[in-house]
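Student: Dumping the structure here so I can ask a few things about it.
Protein chains: 6
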Amino acid sequence: MRIQVINPNTSEAMTHKIGLAAQAVARPGTQIIACSPADGPVSIEGHFDEAIATLGVLEEVRKGREQQVDAHIIACFGDPGLLAAREYASAPVIGIAEAAFHMASLISTRFAVVTTLTRTRIIAEHLLQRYGFSELCTSVRCIDLPVLALEESGPELIECMAEQARRARDEEGAGAIVLGCGGMADLGRQLSEAIGLPVIDGVAAAVKLAESLVDLGLTTSKHGDLADPISKPFKGRFAYLSR
Amino acid sequence: MRIQVINPNTSEAMTHKIGLAAQAVARPGTQIIACSPADGPVSIEGHFDEAIATLGVLEEVRKGREQQVDAHIIACFGDPGLLAAREYASAPVIGIAEAAFHMASLISTRFAVVTTLTRTRIIAEHLLQRYGFSELCTSVRCIDLPVLALEESGPELIECMAEQARRARDEEGAGAIVLGCGGMADLGRQLSEAIGLPVIDGVAAAVKLAESLVDLGLTTSKHGDLADPISKPFKGRFAYLSR
Amino acid sequence: MRIQVINPNTSEAMTHKIGLAAQAVARPGTQIIACSPADGPVSIEGHFDEAIATLGVLEEVRKGREQQVDAHIIACFGDPGLLAAREYASAPVIGIAEAAFHMASLISTRFAVVTTLTRTRIIAEHLLQRYGFSELCTSVRCIDLPVLALEESGPELIECMAEQARRARDEEGAGAIVLGCGGMADLGRQLSEAIGLPVIDGVAAAVKLAESLVDLGLTTSKHGDLADPISKPFKGRFAYLSR
Amino acid sequence: MRIQVINPNTSEAMTHKIGLAAQAVARPGTQIIACSPADGPVSIEGHFDEAIATLGVLEEVRKGREQQVDAHIIACFGDPGLLAAREYASAPVIGIAEAAFHMASLISTRFAVVTTLTRTRIIAEHLLQRYGFSELCTSVRCIDLPVLALEESGPELIECMAEQARRARDEEGAGAIVLGCGGMADLGRQLSEAIGLPVIDGVAAAVKLAESLVDLGLTTSKHGDLADPISKPFKGRFAYLSR
Amino acid sequence: MRIQVINPNTSEAMTHKIGLAAQAVARPGTQIIACSPADGPVSIEGHFDEAIATLGVLEEVRKGREQQVDAHIIACFGDPGLLAAREYASAPVIGIAEAAFHMASLISTRFAVVTTLTRTRIIAEHLLQRYGFSELCTSVRCIDLPVLALEESGPELIECMAEQARRARDEEGAGAIVLGCGGMADLGRQLSEAIGLPVIDGVAAAVKLAESLVDLGLTTSKHGDLADPISKPFKGRFAYLSR
Amino acid sequence: MRIQVINPNTSEAMTHKIGLAAQAVARPGTQIIACSPADGPVSIEGHFDEAIATLGVLEEVRKGREQQVDAHIIACFGDPGLLAAREYASAPVIGIAEAAFHMASLISTRFAVVTTLTRTRIIAEHLLQRYGFSELCTSVRCIDLPVLALEESGPELIECMAEQARRARDEEGAGAIVLGCGGMADLGRQLSEAIGLPVIDGVAAAVKLAESLVDLGLTTSKHGDLADPISKPFKGRFAYLSR
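Next comes the structure, spelled out in structure tokens:
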């Protein structure tokens, strides 16, 4: 089984880290193909970054489709381009935010999200609403550190995340913590030890859900709104998308 | 990995069928332990049946715990005793209704449930509400056949289910169908062929989610409301539960 | 009129207290039959306790039905077994949590719940959601005292409850307080005096709702999901439930 | 105990009918004081009628307060002026719509409303939303007969209502029917016989809830938004309300 | 274009202020007709005040209709009588609370309301729920100053409002502030400068929405529940409303 | 005042039509600058088309910003890129879907949407949910005609739309109809005449809301999640976005 793990931003260090996190939980026989777009922002910290990055995600999905991967993962916590990718791909597509929410809801009755910048909180809240998890999530908590700063941070990063997680646990009754950024994929174990709660990394969760769908022979419903995009002309620099 | 699949009713034929469905999707190395309570109703078709069956579920969870299984599955579409089992077990516990809903939401934007008796519809609706999937499910549709009649039915059963599924597809825009009864675990492929939509069987879905949680090293949060039951005396025939 | 008040736990002292609270508000001519199961936990403080206690509740409902009581009350704040009991009984069945919520909503636009252990908060929250009162309830607040400790507590218990109630009143705008445990049935008056808000005890509220339904000639709808349980074989120690 | 039953419209025949319905379920010792405003519309069939009728309701509440009644009932299905009356009165105030919804939710998991004109449906829907019962109500169904036409109708009226009720029962799974107009207060028994479901009349339901609150010593919370209106000058023809 | 701006209370100073605020944003050619009822409370601070004031609103709507104004604005933050006025008028009717909510949602993803007395918070919350903005509003915050005190307040009033607005901004992530009282119509600019967020005054917002509807040739749908009130007799002092 | 009206697809005929519709309702002194991207799909009929078109929308916003327009309108019913555009622009940005929903809610209590392809229904439903209008919209109805076919259709197009609108009116109680596609901007009057309900075109509605915001001196809150995008490197063909 080959699973394409798309880091929607263009930071290769993060792509590498996400790839390792994915491979670490993949079962023997699952090949992880970590990649990121050639074009786009080095980190995704808002609606604008997300909109631009979506094109790169779809480009990577196209490549994955040509390579006949068995599943695609979108490894940014805003799940950018998820529904567009589901239309565009024939294999299943999983976003790491949805993956983490699903897993969290299987092991707790209430969970919280710890993410990076306050300005991205609304993105997580919109996803929780769309997916149906608003009632289960006690809060989306922010450490106000830029995404790329995660790369260089030491133990104080974990402590900073732990502080938010503890407040969710003690003040709001959260029983599990969701890591709110693909760049946190290597921090789950340490955070879990620090706070005594299960911590869910969406990258790892998405790999297992992707393997699960493949094993079940399930893929995106091609009846209705997720059917292949309607063939039509595209103009200008997107003319190559015409069908 | 050993996964205990608990059929909450006492019909051995159904236990056997559910066990086969589970084993069929389990990966090599996963052992399925299908079981059912010694005590309880032969089928679960309402709140009363469910309440009684819950005791049997918890008894089986206890046995599974003693056998140190890696995960427990509750294979009745009402997920009877799910939260109680999560308290009682140390390994993760998955209900087949929740499992099916989660998988359906990964491959469609709207899904429908096809189940047995109209009187059980409220059970599914309550679960959809509690889990957060109410907006994603277009309807819970019933074929008004008792659970045990599923065992003896021929092609007209598939046609009966297909009729409801087609209405969900064509009138409501459902892109995937969830099988609303553990006793339908062997009908997914046929139904899918009949209607051209992906069909999700909760038993199979639960096996993959259980494997996923084990792989991820995640289990029920033991902080808060799902912590082990508080030690206390039980009286009468439940005295053996005292701790 | 004879109303059966079922204490779902097996603590006789609490049964006695609940019976007194019920009798205190029953009108002349209403006979209160307070009872509790022979089998089950001495207190209910989680999903597991609740699941086991439900069997005892249904056993008591059966006895009440044989005695042709006019209504049944389930006097534990999680309303354990409520829908199963409605199927099983022919007379109306009232849970004390729902009773308290209904009454609170008649005398305030926002109310709060003060209950015992934090781990039981989720039970109240699930009920609020299912019954439709989530928006009306500002919070479920916990004093983190075990249920049975209520029996032995002095004035500091009231002060502890009052502290939570005051915060709900002053910080959240709650206009009324719901007592979140059957074991608090004797504390309403004192708490109300301490905080200057109406306080609703579910046991008392349920007695009046039961009397009301009987007066109105209304009982559980036996059309649909609350109809009598379908006749079927039960196995093992539940064989006696076969019909 | 004296309960004031206010018919918000100015049709004396309807006041008489509502008074009889209230007295029929009141227990011995409860005196029903049926009344209606001197000023206002002869029937309430929209927001405008309701707004004008609210003044009459409040006038009657004032009279009831001066007579020291133990509770007030607002006997129009839109519960006009309910929160204003709760501020203005010291005794509890019950609306017949809320009363019917509460009772219906105690005996069914899903209920429907059968009311008069389609244009009033939105009023019921707004109340269901505000009170929290939207999920429990399958539909508000209309027979498109003016309120006052209820006075003169024969058996075809019951059949017309029964047709809507049967559709709610068979197509939507409603287990109980709420009468959506005070003017239907005498039709419950016949409708129930016609359709085989419990039927709830809000006037009767409100009487029992009013008796219940009085027995429990509960009245409107006077802390917060339902406290007595703030003393202030009123001008013009409302100068008499100045305090 | 002539727009009638109705101050529902009877304080002429406030009517004057509201009229100025309306005229300040009206475009050249739009005439603002500020008015207030002859009869009713001098300020609106609860459900009772609102119920009485509604009659005055409808009286003014009638006058405006006779003067053939192009739109009516109800300039009290509870939008008293809004739906009744929509029935009664032929021109469009806008409430200042709804107007402010609409505008706020166009320039922010989350907004907060700053209003006067805590007891009126429930009115705003009910409107947010009915209009669909509950999820977008982080909180309704109160400065606990009576409406008429707004007339006499100096710089400390702005600081008091700013303190609440800052908490909404910093603790809840509100990106815009809605002024929760018609009497605050002159405070928007100062508050905005104090807190660095856009501030929306409902009076100004309503004027622009009214102009917009008129330009679009849109008026209240007269099909269904907002059609003209049904002709019928009114009795007593409302006999003049008979048609 | 200069308002940029961006047609997110690349069909010039539609851009022309949208520009005319915008100009028709703009007030004297408002200049409409209709434009469309050089790159992208000729029509938007799904998530994929929308994702690609979003890039073109943002390019046009950039141009509009350089031209110092006073407001931007995104004239495709899915409001593609709305929040990204709000970050990217300094002037206010309005989507035609949100504009139409806001206006519809000011003139009716329930409205319906009539749009093109069934596969785009989910896009409208997601917007209704995010904006808070789900409860107000009775249904999103589709005529199953591709967007570009709107250009060539004759009277049967209106009849086809009218049929759906009538069903929403008669079966669901919709009091107003929202046109669910920018390409329908010239059909409002005819549809309104055919069905006797107000019909809202989002392009026209957005122009008036844009004028309103400009008049009020309100623009997107630059505090929080809609602040200017964080400066950062972009790679590859998006390097020009680096700041």
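Residue numbers (full-length UniProt numbering), protein chains in the order written: chain A, 1 to 243; chain B, 1 to 243; chain C, 1 to 243; chain D, 1 to 243; chain E, 1 to 243; chain F, 1 to 243.
Ideal Cβ placement from N, Cα and C applies to all residues, glycine included.
Model, not experiment: these values are computed from the prediction.
From this set, C/Gln-67, C/Ala-162, C/Ile-177 and C/His-72, which residue's C-alpha is nearest C/His-102's C-alpha?
Tutor: Counting from one through the third sequence, the residue named residue 102 of chain C turns up at place 102. Residue C/Ile-177 is the option with its Cα nearest to C/His-102.
Student: Entirely within the region 98-128 of chain C and at least 3 residues each: give me those beta strand (DSSP E) ranges in chain order.
Tutor: 111-115
Student: Relative to the C-alpha of C/Ala-194, which candidate in C/Gly-202, C/Thr-219 and C/Leu-157 has its C-alpha closest?
Tutor: As a working note, residue 194 of chain C is residue 194 in the third sequence. For C/Ala-194, the nearest C-alpha among the options comes from C/Leu-157.
Student: Check whether the Cβ of A/Ser-43 lies closer than 8 Å to any Cβ atom in chain F.
Tutor: Counted from its first residue, the first sequence places residue 43 of chain A at position 43. At least one chain F Cβ lies under 8 Å of A/Ser-43.
Student: Name, in chain order, the residues that DSSP records as bridge partners for F/Gln-31.
Tutor: Start at 1 with the first residue of the sixth sequence, and residue 31 of chain F comes out as number 31. Answer is F/Arg-2, bridged to F/Gln-31.
Student: What residue from B/Ser-231, B/Pro-41, B/Ala-204 and B/Ser-108 has the CA that sits closest to B/Val-5's CA?
Tutor: One-based indexing of the second sequence puts residue 5 of chain B at position 5. Of all alpha-carbon atoms in B/Ser-231, B/Pro-41, B/Ala-204 and B/Ser-108, the one lying nearest the alpha-carbon of B/Val-5 is that of B/Ala-204.
Student: What does a CB cutoff of less than 8 Å around F/Leu-218 pick up in its chain, not counting 5 residues either side in sequence?
Tutor: The count along the sixth sequence starts at 1 and reaches residue 218 of chain F at position 218. Only Pro-92 meet the Cβ criterion.
Student: Between residue 249 of chain A and the rest of its own chain, which residues show a CB-CB distance below 8 Å, the 5 nearest in sequence each way excluded?
Tutor: Nothing in the structure corresponds to residue 249 of chain A, since chain A is present only between 1 and 243.
Student: If contacts are defined as beta-carbon pairs under 8 Å, then residue 245 of chain C and C/Gly-56 qualify, I think. What distance do you get, rounded to the angstrom?
Tutor: Outside the displayed range of chain C (1 to 243) lies residue 245 of chain C, so it cannot be described from this structure.
Student: Could you round the C-beta distance between F/Asp-215 and E/Arg-119 to whole angstroms and report it? I think they count as a contact, below 8 Å.
Tutor: Sequence index remark: in the sixth sequence, residue 215 of chain F carries index 215 (1-based). Sequence index remark: in the fifth sequence, residue 119 of chain E carries index 119 (1-based). Between E/Arg-119 and F/Asp-215 the Cβ distance is about 34 Å, and since that is not below 8 Å, they are no contact.
Student: Got a sec: which bits of the region 185-217 of chain C sit with their beta carbon under 7 Å from any beta carbon on chain E, in order along the chain?
Tutor: none
Student: Determine whether the Cβ of F/Ala-49 lies closer than 8 Å to any Cβ atom of chain A.
Tutor: As a working note, residue 49 of chain F is residue 49 in the sixth sequence. This sequence places Asp at residue 49 of chain F; Ala is not what is there. Yes, its Cβ sits closer than 8 Å to a Cβ of chain A.
Student: I'd like to know whether the C-beta of A/Phe-133 is nearer than 8 Å to at least one C-beta of chain B.
Tutor: By one-based count along the first sequence, residue 133 of chain A stands at place 133. At least one chain B Cβ lies under 8 Å of A/Phe-133.
Student: Can you give me the Cβ contacts of A/Ile-18 inside the same chain, cut-off strictly under 7 Å, excluding the 5 residues immediately before and after it?
Tutor: By one-based count along the first sequence, residue 18 of chain A stands at place 18. Excluding sequence neighbours, A/Ile-18 sits near Val-5, Asn-7, Ala-34, Ala-75, Gly-182, Ala-185 and Val-203.
Student: Buried or exposed for E/Glu-12, please, with buried defined as at least 16 other CB atoms from any protein chain shown within 10 angstroms of its CB.
Tutor: Reading the fifth sequence from its first residue, position 12 is the one you call residue 12 of chain E. Exposed, since its Cβ has fewer than 16 Cβ neighbours within 10 Å.
Student: Give every residue of the same chain whose Cβ lies closer than 8 Å to the Cβ of E/Glu-211, excluding the five residues on either side of it in the sequence, and list them in chain order.
Tutor: Here residue 211 of chain E corresponds to residue number 211 of the fifth sequence, with the count starting at 1. Same-chain partners within the cutoff: Met-1, Ile-3, Ala-26, Arg-27, Thr-30 and Ala-71.
Student: Grab the span of the beta strand (DSSP E) containing D/Ala-71 for me, first residue to last.
Tutor: The residue labelled residue 71 of chain D in the question sits at position 71 within the fourth sequence. Unbroken beta strand (DSSP E) run through D/Ala-71: 71-74.
Student: Are the Cβ atoms of C/Arg-110 and C/Gly-175 separated by less than 8 Å?
Tutor: Residue numbering aside, residue 110 of chain C sits at position 110 when the third sequence is read from its first letter. Residue numbering aside, residue 175 of chain C sits at position 175 when the third sequence is read from its first letter. Yes, these two residues count as a Cβ contact at 8 Å.
Student: With distances taken Cα to Cα, identify the nearest neighbour of A/Gly-173 among A/Leu-136, A/Leu-148 and A/His-223.
Tutor: Residue numbering aside, residue 173 of chain A sits at position 173 when the first sequence is read from its first letter. Here the closest residue by C-alpha is A/Leu-136.
Student: Rounded to whole angstroms, what's the CA-CA distance from E/Ile-94 to F/Phe-133? Just pull it up for me.
Tutor: For the purposes of this step, residue 94 of chain E is identified with residue 94 of the fifth sequence, where counting begins at 1. For the purposes of this step, residue 133 of chain F is identified with residue 133 of the sixth sequence, where counting begins at 1. Each residue's alpha carbon lies about 18 Å from the other.
Student: Which residues bound the alpha helix (DSSP H) around residue 306 of chain D?
Tutor: This structure does not reach residue 306 of chain D, given that chain D is present from 1 up to 243, and the question cannot be answered.
Student: Measuring alpha carbon to alpha carbon, tell me which of F/Asp-144, F/Leu-209 and F/Pro-155 ends up nearest A/Gly-224.
Tutor: Here residue 224 of chain A refers to the residue found at position 224 of the first sequence. A check of alpha carbon separations from A/Gly-224 across F/Asp-144, F/Leu-209 and F/Pro-155 identifies F/Asp-144 as the nearest.
Student: Look at the Cβ atom of F/Ala-85, then the Cβ atom of F/Leu-58, and state whether they are nearer than 8 Å.
Tutor: Along the sixth sequence, one-based indexing puts residue 85 of chain F at 85. Along the sixth sequence, one-based indexing puts residue 58 of chain F at 58. Yes, these two residues count as a Cβ contact at 8 Å.
Student: Quick one: what does DSSP say A/Ser-231 is sitting in, helix, strand or coil?
Tutor: Along the first sequence, one-based indexing puts residue 231 of chain A at 231. In this structure, A/Ser-231 counts as coil in the three-state DSSP scheme.
Student: Would you verify that the beta carbon of E/Thr-138 is, or is not, closer than 8 Å to some beta carbon of chain A?
Tutor: Here residue 138 of chain E refers to the residue found at position 138 of the fifth sequence. No, E/Thr-138 lies away from the interface with chain A (no Cβ there is under 8 Å from its Cβ).
Student: Short check: CB of F/Val-147 to CB of F/Ser-43, under 8 Å?
Tutor: Numbered from its first residue, the sixth sequence carries residue 147 of chain F at position 147. Numbered from its first residue, the sixth sequence carries residue 43 of chain F at position 43. Taking 8 Å as the Cβ cut-off, F/Val-147 and F/Ser-43 qualify as a contacting pair.
Student: Specify, as a first and last residue, the run of the alpha helix (DSSP H) that C/Ser-192 falls within.
Tutor: On the third sequence, position 192 is the one that residue 192 of chain C refers to. Taken as a continuous stretch (DSSP letters only), the alpha helix (DSSP H) holding C/Ser-192 covers 188-195.
Student: Using 8 Å for Cβ pairs, my map puts B/Ile-200 next to B/Ala-89. What's the rounded Cβ distance?
Tutor: Counting from one through the second sequence, the residue named residue 200 of chain B turns up at place 200. Counting from one through the second sequence, the residue named residue 89 of chain B turns up at place 89. Between B/Ala-89 and B/Ile-200 the Cβ distance is about 24 Å, and since that is not below 8 Å, they are no contact.
Student: Using the beta-carbon of each residue, which ones in chain H are nearer than 7 Å to B/Arg-119?
Tutor: Protein chains in the displayed structure are A, B, C, D, E and F, and chain H is not among them.
Student: Is the shortest distance between the beta-carbon of E/Leu-106 and the beta-carbons of chain F less than 8 Å?
Tutor: As a first step, residue 106 of chain E is located in the fifth sequence; it is residue number 106 there, counting from the start. Yes, E/Leu-106 lies at the interface with chain F (some Cβ there is under 8 Å from its Cβ).
Student: Please state the DSSP three-state secondary structure of F/Pro-41.
Tutor: Within the sixth sequence, the letter at position 41 stands for residue 41 of chain F. F/Pro-41: strand per DSSP, three-state reduction.
Student: Taking only beta carbons into account, state which residues of the region 54-73 of chain D come closer than 9 Å to chain E, listed in chain order.
Tutor: Thr-54, Leu-55, Gly-56, Val-57 and Leu-58
Student: If we count the other Cβ atoms within 10 Å of its Cβ and call it buried at 16 or more, is A/Glu-50 buried or exposed?
Tutor: As a first step, residue 50 of chain A is located in the first sequence; it is residue number 50 there, counting from the start. The residue in question, A/Glu-50, is buried, as its Cβ has 16 or more Cβ neighbours within 10 Å.
Student: Straight-line CA distance for D/Leu-213 to C/Ala-165?
Tutor: If you number the fourth sequence from 1, residue 213 of chain D lands on position 213. If you number the third sequence from 1, residue 165 of chain C lands on position 165. Approximately 21 Å, taken between the alpha carbons.
Student: Name the two residues that bound the continuous alpha helix (DSSP H) containing B/Ile-18.
Tutor: Within the second sequence, numbered from 1, the residue matching residue 18 of chain B stands at position 18. It spans 12-25 - the alpha helix (DSSP H) in which B/Ile-18 sits, taken as one unbroken run.
Student: Between A/Val-140 and A/Ala-124, is the Cβ-Cβ spacing less than 8 Å?
Tutor: Along the first sequence, one-based indexing puts residue 140 of chain A at 140. Along the first sequence, one-based indexing puts residue 124 of chain A at 124. A/Val-140 is a Cβ neighbour of A/Ala-124, given a cutoff of 8 Å.
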